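Here the numbering used here = 1-based position in the sequence shown + 2.
I have placed the structure first, in the form of structure tokens, so that the comments after it can refer back to it.
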Amino acid sequence: MPRKIMLVFFLFISEVCYAQVVVSEFNLSDINRGGMTKVQAEKLLIIALKYQKYDLSLDGVFVDGDLQDKHGNPPHP
Numbered sequence: 003m004p005r006k007i008m009l010v011f012f013l014f015i016s017e018v019c020y021a022q023v024v025v026s027e028f029n030l031s032d033i034n035r036g037g038m039t040k041v042q043a044e045k046l047l048i049i050a051l052k053y054q055k056y057d058l059s060l061d062g063v064f065v066d067g068d069l070q071d072k073h074g075n076p077p078h079p
């Protein structure tokens with residue numbers, strides 16, 4: 003029984019520490035009343051994707067820049 007309690011405690015502490023590290027990358031007090039800048043939105047998206055365990059290093063996965071077709075044009079008019 004004490005091992006189970008220690009395991010639960012360890013898991014809880016590790017999640018709290020991870021959350022503090024992730025939140026420290028993004029400062030909520032820097033957001034203007036008009037909304038987030040593009041850079042702030044990209045940082046927040048990266049934090050959310052990392053939390054959901056998306057592999058951002060895969061080919062074709064990016065959050066910066068616009069989508070483009072083979073000729074460098076936007077895919078939508």
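Don't be surprised by glycine CBs; every beta carbon is placed ideally from N, CA and C.
Only a predicted model underlies this, so the values are computations on that prediction, with no experimental measurement involved.
>> Tell me which residue opens and which closes the alpha helix (DSSP H) that Val65 is part of.
In response: No alpha helix (DSSP H) contains Val65, which DSSP labels as neither H nor E.
> What residues match up with Gly37 in a beta bridge as DSSP calls it?
Replying inline: Asn34
>> Taking a contact to mean a Cβ-Cβ separation below 8 angstroms, would you say Leu58 touches Leu69 in this structure?
In response: no
> Just how far apart, CA to CA, sit Val65 and Lys55?
Replying inline: 15 angstroms
> Got a sec? Which residues, its chain only, sit under 8 angstroms from Tyr48 by beta carbon, not counting five neighbours each side?
Replying inline: The question names Tyr, but residue 48 in the sequence shown is Ile. Contacts found: Leu58, Val65.
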